[in-house]
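Heads up, the thing below is written out as structure tokens.
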Amino acid sequence: MRRTRERTPGWMEEHADESSRRGAAPPGPGAQNCDVDDRSLRIAVLLAAHVIFLSAGALRIIRGHRGHLLRSHDAWWLQYYPPLVWVPFVIAYFFPFPIDLPMPVRLVGLAVAIASAVFAAWAMWSLGKSYGIRMDLFEGHRLVTSGPYHLTRHPMYLGIVSFHVGATVAMESLALLVITLVYVIPFTALRIRAEDSVLAAGFGDEFRTFAGSVPAFVPFTR
Numbered sequence: 000m001r002r003t004r005e006r007t008p009g010w011m012e013e014h015a016d017e018s019s020r021r022g023a024a025p026p027g028p029g030a031q032n033c034d035v036d037d038r039s040l041r042i043a044v045l046l047a048a049h050v051i052f053l054s055a056g057a058l059r060i061i062r063g064h065r066g067h068l069l070r071s072h073d074a075w076w077l078q079y080y081p082p083l084v085w086v087p088f089v090i091a092y093f094f095p096f097p098i099d100l101p102m103p104v105r106l107v108g109l110a111v112a113i114a115s116a117v118f119a120a121w122a123m124w125s126l127g128k129s130y131g132i133r134m135d136l137f138e139g140h141r142l143v144t145s146g147p148y149h150l151t152r153h154p155m156y157l158g159i160v161s162f163h164v165g166a167t168v169a170m171e172s173l174a175l176l177v178i179t180l181v182y183v184i185p186f187t188a189l190r191i192r193a194e195d196s197v198l199a200a201g202f203g204d205e206f207r208t209f210a211g212s213v214p215a216f217v218p219f220t221r
């Protein structure tokens, strides 16, 4: 008489686990490539932002210490717009709350972010020693109307807002989309209004003529 091994419920579970392990395929290269592509895009966006950060640091060193011609008395948070406007971007970079977008769309967003960072840096370097974080006017300060300032009175701020839009798409970040709409754009509008008041007080008719012929933010709207 043949003996049959008793098959307990535990044996059946082990057999099922072994079968599932044999049938499960290892992660394919497609899944790994998606992870690599996502990480690469996020790093590229961060590097693009550093074009602006490094330009700001370099220009502050080049400008050195100079006496004030006119001090702005606006609120401190308006004075320190350049660093404060980036705080939400850093938060959204680590906590993006991702949405699903096709890779071609994300690449377009990356291109917009890079172009915007370069445009903002161009605006900063066009100011040269007139660049500053606060809205004060210094000795030797001049009203720049050439280069990107021929297109818009505030090209640096246009570049910053456009960068956030491109970064939102490139990183598939719902968090950055909300932040851009409710924080970056209104904050930028307030800074532009305050800065225009300082420039009008410091440069008088020269600035008013400039403001009458060049749009504040969006190019080619005059």
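All the letters of the sequence shown, read from the start, carry residue numbers 0 to 221 under numbering that gives the first Met the number 0. We put the CB at the ideal spot given by N, CA and C, even for glycine.
For S172, DSSP records a beta bridge to P97.
In this model, L58 and Y182 are separated by some 26 Å (Cα to Cα).
The residue from A166, L106 and S54 with its alpha-carbon nearest to that of I90 is A166. Counting only residues of its own chain and dropping the five nearest sequence neighbours on each side, S145 has a CB closer than 8 Å to the CB of S125. When DSSP states are grouped into helix, strand and coil, L83 belongs to the helix group.
Spanning the alpha carbons of R190 and V160 requires a straight line of approximately 12 Å. Contact holds between the region 145-159 and the region 191-202, because three or more Cβ pairs, one in each stretch, are under 8 Å apart.
In the three-state reduction of the DSSP assignment, F206 falls in the helix class.
Judged by their CB atoms, L157 and F206 are not nearer to each other than the 9 Å cut-off. Approximately 30 Å separates the beta-carbon atoms of L45 and D135; this is outside 8 Å, ruling out the contact.
Using a Cβ distance threshold of 9 Å, L109 and A43 count as a contacting pair. Around the C-beta of E194, 16 or more other C-beta atoms lie within 10 Å, and the residue is accordingly described as buried.
Your pair E171 and I98 checks out as a contact, with CB atoms roughly 5 Å apart and the cut at 8 Å.
Under the three-state reduction of DSSP output, F137 falls in the strand class. Looking at the backbone, the Cα of P81 and that of I132 are separated by about 6 Å.
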